[in-house]
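Novice: Can you keep this structure in mind? I'll have questions shortly.
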Amino acid sequence: WYSGFKTWYDQSPAVEKLMDWKLKYDESDSRLARVARIFTDGIHSALHSTTGTDVSQVLTEIAKVDPNFDKDQFCGFVQTVVVPNVLEAQVRGDLDVLGDWLHEVPFRQLSEPIKQSKDIGYDLSATRVLDTGRVELVTGKMMDQGPVVIVSFYAHIIDVVKNKDGKVIQGVEEKVIKMNHIWALSRNM
119 WYSGFKTWYD QSPAVEKLMD WKLKYDESDS RLARVARIFT DGIHSALHST TGTDVSQVLT
179 EIAKVDPNFD KDQFCGFVQT VVVPNVLEAQ VRGDLDVLGD WLHEVPFRQL SEPIKQSKDI
239 GYDLSATRVL DTGRVELVTG KMMDQGPVVI VSFYAHIIDV VKNKDGKVIQ GVEEKVIKMN
299 HIWALSRNM
């Protein structure tokens, strides 16, 4: 059932049109759209305030280590520095950069497919990150390694894999895909 739904969702013109409208709404500079976003963001915040206790606890722990921590500056840093570095390294297959940014478990999860693709002779360089959406702090969790914040964002990419002869074996070079990401971030102590 899920694969049928996923196929319909990925190929439905109605869903594509709805996502296109949402993207235009999210990126619009129109005063009406900005006012509507303020209103809808307020409703979203009110509906998702149940996770406030987890977030508050995590932010309190972070403030103990870094009294100057600011949630909005952190999200801006993640959007302008962390996300571009990690996503670009992932699509380029740059394991050295990924190793600098990721803990051991996520590094293994991302590096294995990259290593296998390189061993087979696939070319990952045709995949490109076009842009990313606003990073939002979703929740937080206290873990053994310390406070962990969960952020979400989307990325528009062209996901193409070629064989060693340059023939596309996965993806379409002209098709932009919107990928939603949820990342767990923690400080490397």
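Positions 119 to 307 (my numbering) are the ones given, in order, by the sequence shown.
Beta carbons: idealized from backbone N, C-alpha and C, even for Gly.
Bear in mind the structure is a predicted one, so any value in this text is a computation, not a measurement.
(1) Residues in its own chain within less than 6 Å of Val253 by CB, not counting five upstream and five downstream?
(2) Going by DSSP, what residue range makes up the alpha helix (DSSP H) through Lys236?
(3) Mind checking which residues open and close the beta strand (DSSP E) that includes Leu248?
(4) Report the rounded CA-to-CA distance for Asp237 versus Glu230, giving the unit in angstroms.
(5) What are the start and end residues of each continuous alpha helix (DSSP H) run of 4 or more residues lying completely inside the stretch 125-152, in chain order?
(6) Among the residues of its own chain, which have a CB less than 7 Å from the CB of Glu134, if the five just before and after it don't count?
(7) Who pairs with Ser174 in a beta bridge, going by DSSP?
(8) Quick check: Leu213 and Val204, are their CB atoms within less than 8 Å of each other?
(9) What separation, rounded to the nearest whole angstrom, lies between the Cα atoms of Asp283 and Gly239?
(10) Starting from Gly264, follow the beta strand (DSSP E) in both directions and report where the run begins and ends.
(11) With 8 Å set as the bound, which would you pick, yes or no: does the beta-carbon of Val267 sit closer than that to a beta-carbon of chain B?
(12) Using the Cα positions of Arg155 and Lys296, report the straight-line distance between them to the nearest angstrom.
(13) Is the CB-CB distance between Ser304 and Val266 below 8 Å?
(14) Are there any heavy atoms of the ligand GDP lying less than 7 Å away from the beta-carbon of Thr158, as far as the coordinates show?
(15) Round the Cβ separation of Lys291 and Ile275 to the nearest angstrom and send it over; I've been treating them as touching at under 8 Å.
(16) Going straight from the alpha carbon of Lys189 to that of Gly289, what length do you get?
Specialist: The structure says:
(1) Cys193, Val196, Gln197, Val269 and Phe271
(2) Glu222 to Ile238
(3) Arg246 to Thr250
(4) 10 Å
(5) 131-145
(6) none
(7) Beta-bridge pairing links Ser174 to no other residue.
(8) no
(9) 9 Å
(10) Gly264 to Ile276
(11) You won't find chain B in this structure, because it holds only one protein chain.
(12) 20 Å
(13) yes
(14) Judged by which ligands are present, the structure shown has none, so any question about the ligand GDP falls away.
(15) Note on identity: in this sequence residue 291 is Glu, with Lys being the wrong assignment. Not quite, the Cβ-Cβ distance comes to about 12 Å (not below 8 Å), so this is no contact.
(16) 37 Å
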